[in-house]
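A.B. asks: For the record, the sequence lines run as chains A and B. Under numbering that gives the first Met the number 0, read the first sequence as residues 0 to 607, first letter to last. Under numbering that gives the first Met the number 0, read the second sequence as residues 0 to 374, first letter to last. Glycine included, every Cβ here is placed at the ideal spot set by N, Cα and C. One structure coming up, written as structure tokens, with questions to follow.
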Amino acid sequence: MIKRFIFIFIFVYFSFSSLFATQEYHYDVLGRIPVLYNGRLQPFESFARQMLISIREKSTIKRVVDGKSVSIPASMWLWEVLTHTKYSMADPIFLIHDRDIRHEFKLKDTQKSFSYTELEPHILNIQSKVLSFSTEKSLSVYEQNMKQLAGKLTLYISLMHSFIPYHDILFYDYVTAYHKRVKHGLSLFNRYNESGFLSKEKDQLHLIEFNQDFKRHRQFSDISQLSMYPSQSNPEDLETWTNTGSELLKHLDFNYESNSVLLYFASLTLYFDQHNITSFNETLDSLLAYYDASLPNFFNVLTLEYYFTVMNPFYICMVLYVFILCAVLLFYLFDYAFLYLIAKYCCLFTFGLHTLSLIARMIILDRPPVINLYSSAVFVGWVSIALCLLQERIFKNKLGYFMSSILGFLTLIIAHHLALQSDTMAQMQAVLDSNFWLSTHVITITLGYGGTFLAGMIATCYVAINILRKASHQQNLQLYKMVYAIICFSLFFSFIGTVLGGIWADQSWGRFWGWDPKENGALLIVIFNAIILHARLAGFSGIRGVMLMAIFGNIVTAFSWFGVNMLGVGLHSYGFMNEAFQWLMLYNVIQVIIVVIGYNFILSKPVK
Amino acid sequence: MISRFLRFFSSIQLALFCFIALFIIVLIGTFMQIDHGIYYVQKVYFHSLFITIPIKGIPIPVFFGGTLIGTVLVINLTLSTILNIKFSYKNIGLILIHFGFIVLLLGGGLSSCVVTESQVYMEENDTTFFSEDLYETELVIIDASFSRYDYIIAVPIVDLKKKPIIESDVLPFSIKVHSFYDNAQLSLSNLDQGVASMGIGKNLHAKEIPLFTADDQKNNPTALLSFYNTDFVSDTMLVSLDINGTQKLYINDKLYYLQIRPKRLYFPFQLTLKSFDHDVYPGSNIPKNYSSLVTIQAYDDSPDRDVLIYMNHPLRYGYYTFYQASFGEDVPSSVLQVVYNKSWYFPYVSSLIIALGMGIHFFVHLIAFLKKRRL
Numbered sequence: 000m001i002k003r004f005i006f007i008f009i010f011v012y013f014s015f016s017s018l019f020a021t022q023e024y025h026y027d028v029l030g031r032i033p034v035l036y037n038g039r040l041q042p043f044e045s046f047a048r049q050m051l052i053s054i055r056e057k058s059t060i061k062r063v064v065d066g067k068s069v070s071i072p073a074s075m076w077l078w079e080v081l082t083h084t085k086y087s088m089a090d091p092i093f094l095i096h097d098r099d100i101r102h103e104f105k106l107k108d109t110q111k112s113f114s115y116t117e118l119e120p121h122i123l124n125i126q127s128k129v130l131s132f133s134t135e136k137s138l139s140v141y142e143q144n145m146k147q148l149a150g151k152l153t154l155y156i157s158l159m160h161s162f163i164p165y166h167d168i169l170f171y172d173y174v175t176a177y178h179k180r181v182k183h184g185l186s187l188f189n190r191y192n193e194s195g196f197l198s199k200e201k202d203q204l205h206l207i208e209f210n211q212d213f214k215r216h217r218q219f220s221d222i223s224q225l226s227m228y229p230s231q232s233n234p235e236d237l238e239t240w241t242n243t244g245s246e247l248l249k250h251l252d253f254n255y256e257s258n259s260v261l262l263y264f265a266s267l268t269l270y271f272d273q274h275n276i277t278s279f280n281e282t283l284d285s286l287l288a289y290y291d292a293s294l295p296n297f298f299n300v301l302t303l304e305y306y307f308t309v310m311n312p313f314y315i316c317m318v319l320y321v322f323i324l325c326a327v328l329l330f331y332l333f334d335y336a337f338l339y340l341i342a343k344y345c346c347l348f349t350f351g352l353h354t355l356s357l358i359a360r361m362i363i364l365d366r367p368p369v370i371n372l373y374s375s376a377v378f379v380g381w382v383s384i385a386l387c388l389l390q391e392r393i394f395k396n397k398l399g400y401f402m403s404s405i406l407g408f409l410t411l412i413i414a415h416h417l418a419l420q421s422d423t424m425a426q427m428q429a430v431l432d433s434n435f436w437l438s439t440h441v442i443t444i445t446l447g448y449g450g451t452f453l454a455g456m457i458a459t460c461y462v463a464i465n466i467l468r469k470a471s472h473q474q475n476l477q478l479y480k481m482v483y484a485i486i487c488f489s490l491f492f493s494f495i496g497t498v499l500g501g502i503w504a505d506q507s508w509g510r511f512w513g514w515d516p517k518e519n520g521a522l523l524i525v526i527f528n529a530i531i532l533h534a535r536l537a538g539f540s541g542i543r544g545v546m547l548m549a550i551f552g553n554i555v556t557a558f559s560w561f562g563v564n565m566l567g568v569g570l571h572s573y574g575f576m577n578e579a580f581q582w583l584m585l586y587n588v589i590q591v592i593i594v595v596i597g598y599n600f601i602l603s604k605p606v607k
Numbered sequence: 000m001i002s003r004f005l006r007f008f009s010s011i012q013l014a015l016f017c018f019i020a021l022f023i024i025v026l027i028g029t030f031m032q033i034d035h036g037i038y039y040v041q042k043v044y045f046h047s048l049f050i051t052i053p054i055k056g057i058p059i060p061v062f063f064g065g066t067l068i069g070t071v072l073v074i075n076l077t078l079s080t081i082l083n084i085k086f087s088y089k090n091i092g093l094i095l096i097h098f099g100f101i102v103l104l105l106g107g108g109l110s111s112c113v114v115t116e117s118q119v120y121m122e123e124n125d126t127t128f129f130s131e132d133l134y135e136t137e138l139v140i141i142d143a144s145f146s147r148y149d150y151i152i153a154v155p156i157v158d159l160k161k162k163p164i165i166e167s168d169v170l171p172f173s174i175k176v177h178s179f180y181d182n183a184q185l186s187l188s189n190l191d192q193g194v195a196s197m198g199i200g201k202n203l204h205a206k207e208i209p210l211f212t213a214d215d216q217k218n219n220p221t222a223l224l225s226f227y228n229t230d231f232v233s234d235t236m237l238v239s240l241d242i243n244g245t246q247k248l249y250i251n252d253k254l255y256y257l258q259i260r261p262k263r264l265y266f267p268f269q270l271t272l273k274s275f276d277h278d279v280y281p282g283s284n285i286p287k288n289y290s291s292l293v294t295i296q297a298y299d300d301s302p303d304r305d306v307l308i309y310m311n312h313p314l315r316y317g318y319y320t321f322y323q324a325s326f327g328e329d330v331p332s333s334v335l336q337v338v339y340n341k342s343w344y345f346p347y348v349s350s351l352i353i354a355l356g357m358g359i360h361f362f363v364h365l366i367a368f369l370k371k372r373r374l
């Protein structure tokens, strides 16, 4: 199953990009090497991109080589950071938008991005400033920016101290020298412990050096968050993976045989330093082959994740949805049938890719599709498009692909921006770690979100059609029926989802309902859908009324999906985001404007 | 007259009105949690007849509270189901939905009255037989003169607030309340210039401060009391939650200990924390799981048993539910939230009925819709 997926992905990948055709070092192989970071075994490429996003706020990086600006693979950038090359230190990756900060450190006002080398003299100053900020008051914009910069610098420095302890000596030389002196040092240490003294001065010096090695490696094993070395006896047990410091400490055991992965990595640093590209690539191939053999349960999934990361299929989907939107709009304008056909088949293809990518994510993470805000955006889009396509099959009113493309684009661009804020595949907090509830409660509630957004979308189309040209009553009635069906659908699923959430809460917190903001948000959707259905039943609203309420439903759903997270309170306090607040408000204002326009320009008509 | 009354209370307009009112209070109740704790918000917005704003100390109702809306909705749902919905096979789903909601609302109302939430803090190898309420407190009077047990009388803190004099057959003396503050700040005074004339209050000032509403701040109920019986009147004593430990009180040369402490909920069993574990994902600091291994020793004949309480897996024992809430940083210790709820099955039953009803209702309509299209 996984193999088939990898095959499909590699195929699609190569049909889309030829990114590595001209490179000398095989960074694509390096990108597939597994590392353990933040509790998750991941390909080097994923780790590299995540670090780039955290520091540069983008998953790509460009560098000026021979006067030309070329984009370099994330793996290459990270490898150079880990091995302390001077190129990586000169990469302008620290974005400083805040003029005050630039002026304060007398940085050039003509540029916005600065390199580590440029910022290095100010690091202590920046860190001490951040430490002096009050923790009780909310921070000013300047303080927030300063804090963010300090965080990025800290992460960068910690990366430099993740793999290699010192950069004044080549890691390969360091390891080989250490291997030689550790056994002798250990015997000297034992002798000293037994007799209380060492007679030769040479031995004394050796012992001091041995002690320093020990201290340094202890410290290094505490600092480094990056576990790169599996245990030789049981590489699949992630608990036994170690970082460089702990790996070197293991040599204090007389019988310990050097970890072959450590030797591979040490050789890589040597060949990299010597610009010996052939040997570098050969070593990488052997290292990858080693992992292929020693991690039978993880390797395929890691390969899949590598191609998934490099290809970034959701981004491709987003671009395709824009293309479809253009095609449909052109069709509406000029009425060429082939444009509609292009849009149709392109939409079906994109939806297929969207689906495939969702499944790939599920395989990679071994989780249901929705585990965080990012994946909920992807899934909400998927659900609403699926419903849209289903309705297009039933009603055939040539709106399906238009709405799909808008919904697809909007949800995926939200996802794209969420992905720039945190690792989208990060491990889950303890209370969420339950695949059963993630696949029941979270899925149903997200189905509800998707449905309400689709209803709002159809209603928006209704307003647009009626404003642009007089729509027939028949046409409006059809749209009305679509909205009604979708509202029933979302009422059903948001209710079930809310109840399942209640049951989960009862199971894990001991109470079914606690008026927590996220719970209230879900309840609001249920009540609002009930209001629409009862207003229709009571005869308060005809076609227009239901449609306008459905548009207002967009605001309700957006509030319960994102808004409550921005309040920053409650038990569900995970996945917070403040920057999106303005966007949310803009979205709400647009919805209100549409409602007002619809109310003023469309005549209310009874359903029958 | 009656028919008009029935028509009003069974009308769909009233239902719609209730929904909108509910929508509004849920929205306000959510926003209010930015500044106030969840306990306060529940009490003021959801578990109340009216939402009130105090103007010069007099609470003025400004909107309907959750309890009132819920009650009206129950009446409305019941009457409209009986009077307005035809009993036919097509409406089975609808009837089930409405019936389910009646049960859900009744259950919700009931549970807001009968549920008690409390916490237990235990270090490893600690044994306990009670939990402490997070919000409510009580004044305890302890008579330690018995050899094998203490005789403890607990006075609910509301009594101190509402009654100027507390008299009871179980009390060995009467209590006079000179002053009571829901929340007070204690500060040191000069020697013997405090508010009370005996106990630690001799050296303390007590200043009334507004009630805290955030969840992370604890109110400090404080009272100035004196004690008397037929032939004895004592000095005044300051009791307060912030005063740790007990204060001594001699009445006719008999010694009593007094203290305000969190209200205790006694279990019909003993609970021992054998071990607490805190797992992280490999190579990271991200918590993966917290778990407490506890032993339950019931006071009846049932045998002892060991239970592992961990994330998403609470311990249910009778109507008690123990779940992993937090843990201590310094020593291996665990904080268990204890919920005593006799109505926990209400939401389960009602949700099942509603979900079934919705399923049937929408399915019937979908079939009808598809049939119509095919014709």
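Straight-line CA distance for A:Arg55 to A:Ser74?
C.D. replies: 14 Å
A.B. asks: Going by C-alpha distance, which of B:Ile37, B:Thr271, B:Phe145 is nearest B:Asp125?
C.D. replies: B:Thr271
A.B. asks: Label A:Tyr598 either buried or exposed according to how many other C-beta atoms from any shown protein chain fall within 10 Å of its C-beta, with 16 as the threshold for buried.
C.D. replies: exposed
A.B. asks: Helix, strand or coil: how does DSSP classify A:Val34 here?
C.D. replies: strand
A.B. asks: If I'm right that B:Val154 touches B:Leu138 with Cβ under 8 Å, what's the distance once you round it to whole angstroms?
C.D. replies: The C-beta distance from B:Val154 to B:Leu138 rounds to 4 Å, short enough to fall under 8 Å.
A.B. asks: Starting from the C-beta of A:Phe337, find all residues in its chain whose C-beta is less than 6 Å away, skip the five residues before and the five after it, and write them out in chain order.
C.D. replies: none
A.B. asks: Give me the subset of the segment 280-300 of chain B whose CB atoms are less than 8 Å from a CB atom of chain A, sorted by chain position.
C.D. replies: Tyr280, Pro281, Gly282, Ser283, Ile285, Pro286, Lys287, Asn288, Tyr289
A.B. asks: Name the DSSP bridge partner or partners of B:Ile140?
C.D. replies: B:Ile152, B:Leu257
A.B. asks: Can you check whether the CB of B:Tyr44 is closer than 8 Å to the CB of B:Gly64?
C.D. replies: yes
A.B. asks: With a 10 Å radius around its C-beta and 16 neighbouring C-beta atoms as the bar for buried, classify B:Ala195 as buried or exposed.
C.D. replies: buried
A.B. asks: Between B:Leu159 and B:Val232, what straight-line distance do the alpha-carbon atoms span, to the nearest angstrom?
C.D. replies: 18 Å
A.B. asks: Using a 10 Å radius around the Cβ and a threshold of 16 neighbouring Cβ atoms, would you call B:Asp329 buried or exposed?
C.D. replies: exposed
A.B. asks: Decide if A:Asn465 is buried, meaning its Cβ has at least 16 other Cβ atoms within 10 Å, or exposed.
C.D. replies: Burial call: buried.
A.B. asks: I'd like the list of long-range same chain contacts for B:Cys17, defined as Cβ closer than 8 Å, with 5 residues on each side in sequence excluded.
C.D. replies: If we look at B:Cys17 and ignore the five residues flanking it on each side, its Cβ neighbours are Ile68, Val71, Leu72, Asn75.
A.B. asks: The segment 115-135 of chain B: which residues have C-beta closer than 7 Å to a C-beta of chain A, in chain order?
C.D. replies: none
A.B. asks: Rounding to the nearest angstrom, what Cα-Cα distance links B:Lys370 and B:Leu103 in this structure?
C.D. replies: Roughly 34 Å separates the two Cα atoms.
A.B. asks: Helix, strand or coil for A:Met481, going by three-state DSSP, please let me know.
C.D. replies: The answer is helix: DSSP assigns A:Met481 an H, G or I state.
A.B. asks: Okay, do the segment 51-61 of chain B and the segment 539-558 of chain A touch, 3+ Cβ pairs below 8 Å being the bar?
C.D. replies: no
A.B. asks: Give me, in chain order, the residues of the same chain whose beta-carbon lies closer than 7 Å to that of A:Ile593; leave out the 5 immediate sequence neighbours on both sides.
C.D. replies: Thr459, Val462, Ile550
A.B. asks: For A:Arg48, does the three-state DSSP call read helix, strand or coil?
C.D. replies: Looking at A:Arg48 - three-state DSSP - the assignment turns out to be helix.
A.B. asks: Within its chain, find whatever has a CB closer than 8 Å to the CB of A:Arg39; leave out the 5 residues flanking it on each side and keep chain order.
C.D. replies: In chain order, Met424, Ala425, Gln426 place their CB closer than 8 Å to the CB of A:Arg39, counting only its own chain and leaving out the 5 sequence neighbours on each side.
A.B. asks: Using the three-state DSSP reduction, which class does A:Arg392 fall into: helix, strand or coil?
C.D. replies: helix
A.B. asks: Less than 8 Å between CB atoms is the rule here; does A:Pro605 satisfy it with respect to chain B?
C.D. replies: no
A.B. asks: Can you pull the chain A residues whose beta carbon is under 8 Å from the beta carbon of B:Gln336, in chain order?
C.D. replies: Trp508, Gly509
A.B. asks: Report yes or no: is there a C-beta of chain A within less than 8 Å of the C-beta of B:Ser350?
C.D. replies: yes
A.B. asks: To the nearest whole angstrom, what separates the beta carbons of A:Tyr141 and A:Asp97, a pair I think is in contact under 8 Å?
C.D. replies: 6 Å
A.B. asks: Have a look at A:Asn210 and A:Gly195 and give me their C-alpha separation to the nearest angstrom.
C.D. replies: 15 Å
A.B. asks: Pull the bridge partners of B:Glu207 from the DSSP assignment, please.
C.D. replies: Answer is B:Ala183.
A.B. asks: Tell me which residue opens and which closes the beta strand (DSSP E) that A:Ser112 is part of.
C.D. replies: 112-114 is the extent of the beta strand (DSSP E) around A:Ser112.
A.B. asks: Would A:Tyr448 pass as a contact of A:Val525 if the rule is Cβ separation under 8 Å?
C.D. replies: no
A.B. asks: Since A:Gly520 contacts A:Ser559 with CB under 8 Å, what's their CB separation in whole angstroms?
C.D. replies: 3 Å
A.B. asks: Determine the direct distance from the alpha carbon of A:Ile530 to that of B:Ile342, and round the result to whole angstroms.
C.D. replies: It is Ser, not Ile, that sits at residue 342 of chain B in the sequence shown. In a straight line, the C-alpha of B:Ser342 is about 28 Å away from that of A:Ile530.
A.B. asks: Grab the span of the alpha helix (DSSP H) containing A:Pro312 for me, first residue to last.
C.D. replies: 312-333
A.B. asks: Taking the CB atoms as reference points, tell me whether A:Ser45 and A:Glu208 lie closer together than 8 Å.
C.D. replies: no
A.B. asks: Which one of A:Leu35, A:Lys604, A:Leu585, A:Phe580 has the shortest CA to CA distance from A:Leu301?
C.D. replies: A:Leu35
A.B. asks: Just to confirm the assignment: which complete beta strand (DSSP E) runs, minimum length 3, are found wholly within the segment 124-154 of chain A?
C.D. replies: none
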